[in-house]
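**Q**
Residue numbers (the numbering used here): 33 to 207.
1. May I have the straight-line CA-CA distance separating residue 76 from residue 89, to the nearest angstrom?
2. Locate the alpha helix (DSSP H) running through residue 195, then write down its first and last residues.
3. Since residue 67 and residue 40 should fall inside the 8 Å C-beta cutoff, what is the C-beta to C-beta distance between them, to a whole number of angstroms?
4. If you draw a straight line from the C-alpha of residue 187 to the C-alpha of residue 134, how long is it?
5. Looking at the unbroken alpha helix (DSSP H) that takes in residue 130, where does it start and where does it end?
6. Does the segment 115-125 come close enough to the segment 52-72 to have 3 or more Cβ pairs within less than 8 Å?
7. Quick check: residue 95 and residue 73, are their CB atoms within less than 8 Å of each other?
8. Exposed or buried, which one is residue 153 when buried takes at least 16 other CB atoms within 10 Å?
9. By DSSP, does residue 179 sit in helix, in strand, or in coil?
10. Which class does residue 150 belong to by DSSP, given the choice of helix, strand or coil?
11. DSSP three-state call for residue 111: helix, strand or coil?
12. Tell me which residue opens and which closes the alpha helix (DSSP H) that residue 58 is part of.
13. Less than 8 Å between the C-beta atoms of residue 127 and residue 46, yes or no?
14. Can you tell which of 115, 35, 173 and 97 has the C-alpha that lies nearest to the C-alpha of residue 147?
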């Protein structure tokens, strides 16, 4: 999996892409939370569940249905009824679903159960440019963490910078 920083940056970037100018604080906080929320299933590893289990890491919590439920919960908790819009829903849903897509793009670990509960299949991307982030940190694993963060900077950070800077570049060109 990409680190929590990579997932959070993806959520923040998605919120910026869905809004004009600077996203409202509530929107970027909720989008970031939606993008990170699926990794709460990491704690099921403490229960001794094997990798193929629906409740294990990259299982049901990384599915399309879970992304929709996470986004719906964020909409209900974060916005009053008169402030909810389809655009915000799409933003939060995209942020929640980005988690599974980024995990599918990581080299290492098990695939992602995107279609749970309808299919037990685990999916990975053909091209996996992001290296899995090691947990826990000790010895050589720290070097691996730095390398995996480098791949996140390249494949998540640079596109995020482009998304953040594109509106300013367009304004500068117009002037």
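Using N, Cα and C, we set each Cβ at its ideal position, and we do this for glycine too.
**A** On the basis of the coordinates in this document:
1. The residue labelled residue 76 in the question sits at position 44 within the chain shown. The residue labelled residue 89 in the question sits at position 57 within the chain shown. Roughly 7 Å separates the two Cα atoms.
2. Taking the first residue of the chain shown as 1, we reach residue 195 at position 163. Start and end: 190-206.
3. Taking the chain shown and counting its residues from 1, one reaches residue 67 at position 35. Taking the chain shown and counting its residues from 1, one reaches residue 40 at position 8. Sure, about 6 Å apart at Cβ, within 8 Å.
4. Residue mapping note: residue 187 aligns to position 155 of the chain shown, counting from 1. Residue mapping note: residue 134 aligns to position 102 of the chain shown, counting from 1. Rounded to the nearest angstrom, the two C-alpha atoms are 10 Å apart.
5. Here the question's residue 130 lines up with position 98 in the chain shown. Run containing residue 130: 118-136, per the alpha helix (DSSP H) assignment.
6. yes
7. To locate residue 95, count along the chain shown from 1; it is residue 63. To locate residue 73, count along the chain shown from 1; it is residue 41. In this structure, residue 73 does not lie closer than 8 Å to residue 95 by Cβ.
8. To locate residue 153, count along the chain shown from 1; it is residue 121. Answer is exposed; the Cβ neighbour count stays below 16.
9. Locating residue 179 in the chain shown gives position 147, where the first residue counts as 1. Residue 179: helix per DSSP, three-state reduction.
10. What you label residue 150 is simply residue 118 of the chain shown in a count that begins at 1. Three-state result, residue 150: coil.
11. In the chain shown, residue 111 corresponds to position 79, counting from 1. The answer is coil: DSSP assigns residue 111 none of H, G, I, E or B.
12. Within the chain shown, the letter at position 26 stands for residue 58. Where residue 58 is concerned, the enclosing alpha helix (DSSP H) stretches over 57-69.
13. For the purposes of this step, residue 127 is taken as the residue at position 95 of the chain shown. For the purposes of this step, residue 46 is taken as the residue at position 14 of the chain shown. Yes, the Cβ-Cβ distance between residue 127 and residue 46 is below 8 Å.
14. Numbered from 1 along the chain shown, position 115 holds the residue referred to as residue 147. Per the Cα distances, 97.
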